[in-house]
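Here's the structure we're looking at; comments come further down.
Numbering (our numbering), first residue to last: 58 to 804.
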């Protein structure tokens with residue numbers, strides 16, 4: 058081992074803990090959460106800055122997204138190209154953002170969940186709003202820059218955003234152990250609230266809400282829990298209930314149709330298709346018979362989903378059913394989490410505005426300090442040139458008498474005349490009195506002769522007056538809070554005037570949707586399932602008319618109520634439940650649905666042992682038997698559960714359930730094995746166990762043998778079963794005890 062290398066011994070758990078904390082903090086701060094100052098995540102900030110650097114401005118041609126993504130990834134964001142392109146796409150989608158930040162050209166996806174085209178096909182550029190409100194004044198040293206990932210470039214640590222972007226565009230992100238979800242708001246309302254805070258920093262959240270009524274989603278909709286909003290904005294957490302906008306249109310013949318023109322923000326994407334499916338299911342399951350047809354007539358102009366109703370339909374009840382049973386009313390979970398002062402923090406409305414205003418003062422201070430420094434430099438040079446014009450003949454004499462620029466500069470700045478030839482002693486004395494500054498001397502030496510024209514000197518004096526006015530104005534802004542505040546408010550008013558728009562989302566207190574389902578008339582039906590696993594229910598009279606065909610064509614025929622449940626017991630020891638209402642009810646020759654589609658049962662993984670009516674087994678004892686000869690009795694009430702799937706019994710390794718059936722205490726039972734062993738004993742010998750028990754051994758099996766069939770019969774009844782070519786009369790078998798070997802029968 059070399060003397061330089063050193064092994065540090067440490068506890069593995071400590072290394073893991075430290076590594077995970079480092080990873081978590083990296084995700085929280087550098088990936089998933091927005092900064093409270095500019096409201097942007099690092100990937101968004103880097104993408105916008107890269108577009109600015111590439112010169113892809115709003116008044117320049119579009120550039121391929123692949124170029125933007127590649128440049129951003131190579132310079133600033135060393136992660137997958139898909140994450141960069143996705144953030145670029147979202148910033149260009151007007152149905153997701155309060156204010157679009159990127160002007161997209163090409164297929165950037167749709168509100169119905171269609172993805173954007175590949176980045177090699179699409180093009181983009183900055184919007185005018187982004188350029189003016191997010192990327193202006195980057196040359197005036199108003200923000201800090203830091204090294205990029207490989208320290209070859211500089212990237213902004215925050216963008217100089219002039220509007221409260223965190224509120225305007227909202228944010229969504231999942232970090233480690235925390236997530237953020239901030240709704241979008243109206244630009245004009247947010248600016249008014251910021252101005253109210255700047256005029257009085259003691260303003261309360263409730264007072265701020267006079268300006269910000271609530272979220273303003275790009276998809277519109279209606280927020281229906283207005284009374285909950287003050288607490289949500291105070292704490293930064295809560296649930297906003299949003300509904301789609303439903304209009305009633307009259308048709309010819311007294312018919313009506315419901316038209317959904319706005320959807321909840323949470324329904325963007327796959328939610329629209331899900332809504333259409335949900336409505337179809339309501340019709341198929343006969344939850345409503347009022348809907349005749351449904352069509353999605355949405356286009357680029359907006360959302361338009363039409364539900365055609367039958368004559369005399371109860372419109373209000375139907376609306377409530379849609380709110381209750383579909384995502385037409387949904388919840389937007391608010392968690393206003395952002396990175397503030399380098400750490401994640403849940404912020405209320407006032408805290409977000411406070412951080413924004415502090416940031417604006419910081420930006421404005423830095424901007425005007427830079428501008429003031431430039432104007433002071435200008436002033437110095439201008440004063441030097443004006444003074445030089447007054448003694449121009451002397452300066453020309455100095456320049457003509459100098460052997461080098463150094464000598465001339467020394468004379469202009471310090472009055473050193475030793476190395477200069479003068480025409481007279483008076484000139485020499487006057488030159489010795491000159492005291493121009495270094496910057497002024499450089500400007501004089503670089504001055505062109507045409508600047509000595511009278512009009513040019515006049516222009517110089519006017520320029521000097523303008524410079525003095527600017528200095529006075531900048532000093533006033535920097536030294537007086539009111540002046541700076543007024544300037545910030547004027548800037549924001551200009552953004553509001555040019556880019557503000559009307560609110561899209563309505564805010565109100567609506568009554569909770571109350572929908573009373575029509576009670577289904579309880580009736581007895583017959584459950585039928587064929588050997589291919591297709592199931593349906595039919596009326597008892599239909600079954601009676603087709604009894605022979607039904608019994609021969611179907612593997613399972615079960616009497617049940619249409620309001621009840623069907624239980625499927627499988628060889629894996631599970632019980633799956635199906636609501637009878639979920640099965641198609643109709644004609645005898647209807648195909649039905651695969652049993653896999655309406656339950657958790659999977660025909661590829663398990664086999665059905667038996668199917669029975671849940672209500673029927675509730676008051677019975679069930680006999681369970683497994684391939685390895687384990688048997689038990691279980692009270693049927695144990696299977697009265699709400700879950701769709703439960704473990705019906707416990708199985709040993711490589712065991713399988715082969716029989717589940719109702720059993721009475723005074724019956725005889727015969728266990729039949731594959732190799733022909735028959736064991737008869739009384740069912741009273743089978744102990745009653747819980748469904749979670751394995752049970753007891755019913756028969757001693759030979760090494761390669763297994764239990765194959767169970768036969769139950771009443772004492773004194775002549776019961777015969779076939780075994781090979783031979784018939785075995787069960788009641789003639791010797792009555793033995795449980796856990797015997799049984800008697801071997803020949804085929």
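Think of the CB as a built atom: it goes at the ideal place given N, C-alpha and C, for glycine as much as any other residue.
Expressed to the nearest angstrom, what Euclidean distance is found between the alpha-carbon atoms of residue 225 and residue 243?
6 Å
In three-state DSSP terms, what is residue 285?
helix
Less than 7 Å separating the beta-carbons of residue 633 and residue 660?
no
Assign residue 138 to one of three DSSP states: helix, strand, or coil.
Looking at residue 138 - three-state DSSP - the assignment turns out to be helix.
Touch check for the segment 697 to 716 and the segment 728 to 741: three-plus C-beta pairs under 8 Å?
no
Starting from the N-terminal side, write out each stretch of the beta strand (DSSP E) that is 3 residues or longer and does not extend beyond the segment 691 to 740.
702 to 704, 714 to 720, 724 to 730, 734 to 739
Could you tell me whether the segment 468 to 476 touches the segment 406 to 416, using the rule of 3 or more Cβ pairs below 8 Å?
no
Following the continuous beta strand (DSSP E) through residue 353, name the residue where it begins and the one where it ends.
348 to 353
Kindly list the residues whose CB is nearer than 8 Å to the CB of residue 783, restricted to its own chain and excluding five residues on each side of it in sequence; keep chain order.
802, 803, 804
Boundaries (first-last residue) of the beta strand (DSSP E) holding residue 633:
Per DSSP, residue 633 belongs to the beta strand (DSSP E) from 631 to 636.
Residue 242 - DSSP class collapsed to helix/strand/coil:
coil
Near residue 324, what residues of its chain come up, given a Cβ to Cβ distance below 6 Å and the 5 sequence neighbours on each side ignored?
384
Run through DSSP, which three-state label would residue 92 get?
strand
Kindly identify the DSSP beta-bridge partner or partners of residue 624.
634, 669
Would you please state the rounded distance, in angstroms, between the beta carbons of residue 240 and residue 389? I believe it to be under 8 Å.
6 Å
So for residue 508, helix, strand or coil by DSSP?
helix
Output the distance between the C-alpha atoms of residue 58 and residue 83, rounded to the nearest integer angstrom.
Note that residue 58 has pLDDT 47, beneath the 50 cutoff, so the model's placement of it is unreliable and no number is given.
Between which two residues does the beta strand (DSSP E) containing residue 162 stretch?
First-last of the beta strand (DSSP E) with residue 162: 159 to 162.
Helix or strand or just coil, what does DSSP make of residue 586?
strand
Helix, strand or coil, according to DSSP, for residue 687 in the structure here?
strand
For residue 579 versus residue 618, is the C-beta distance shorter than 7 Å?
yes
Looking at residue 181 and residue 159, is the spacing between their C-beta atoms short of 7 Å?
Yes, these two residues count as a Cβ contact at 7 Å.
What residue range does the beta strand (DSSP E) around residue 206 cover?
Neither: residue 206 is in no beta strand (DSSP E) and is coded neither H nor E.
Which whole-angstrom value is the C-beta distance of residue 678 and residue 752, which I expect to be below 8 Å?
Not quite, the Cβ-Cβ distance comes to about 13 Å (not below 8 Å), so this is no contact.
Within 7 Å, strictly: CB atoms of residue 559 and residue 586
With respect to the 7 Å criterion, residue 559 and residue 586 are not classified as neighbours on the basis of their beta carbons.
CB of residue 438 within 7 Å of CB of residue 505, strictly:
no
Please name the residue, chosen from 664, 672, 534, 418, that lies closest to residue 628 on a Cα-to-Cα basis.
664
Per DSSP, the bridge partner or partners of residue 754
687
Alpha carbon to alpha carbon, what distance is there between residue 545 and residue 247?
Straight-line measurement puts the Cα of residue 545 at about 14 Å from the Cα of residue 247.
C-alpha gap between residue 255 and residue 129, whole angstroms
36 Å
At the level of alpha carbons, what is the spacing between residue 150 and residue 185?
So the two alpha carbons sit approximately 16 Å from each other.
Helix, strand or coil at residue 279 [DSSP, three-state]
strand
Can you tell me whether residue 597 is buried or exposed? The criterion is at least 16 other CB atoms within 10 Å of its CB, across all chains shown.
exposed
Cβ-Cβ separation, residue 235 to residue 91 (assumed contact under 8 Å), whole Å
Their Cβ separation, rounded to whole angstroms, is 13 Å, which puts residue 91 and residue 235 out of contact at 8 Å.
Under the three-state reduction of DSSP, which class applies to residue 493: helix, strand or coil?
coil
Excluding the 5 residues preceding and the 5 following residue 265 in the sequence, name in chain order all residues of the same chain whose CB lies nearer than 8 Å to its CB.
Cβ neighbours of residue 265 beyond the five flanking positions: 250, 253, 254, 290, 406, 407, 410.
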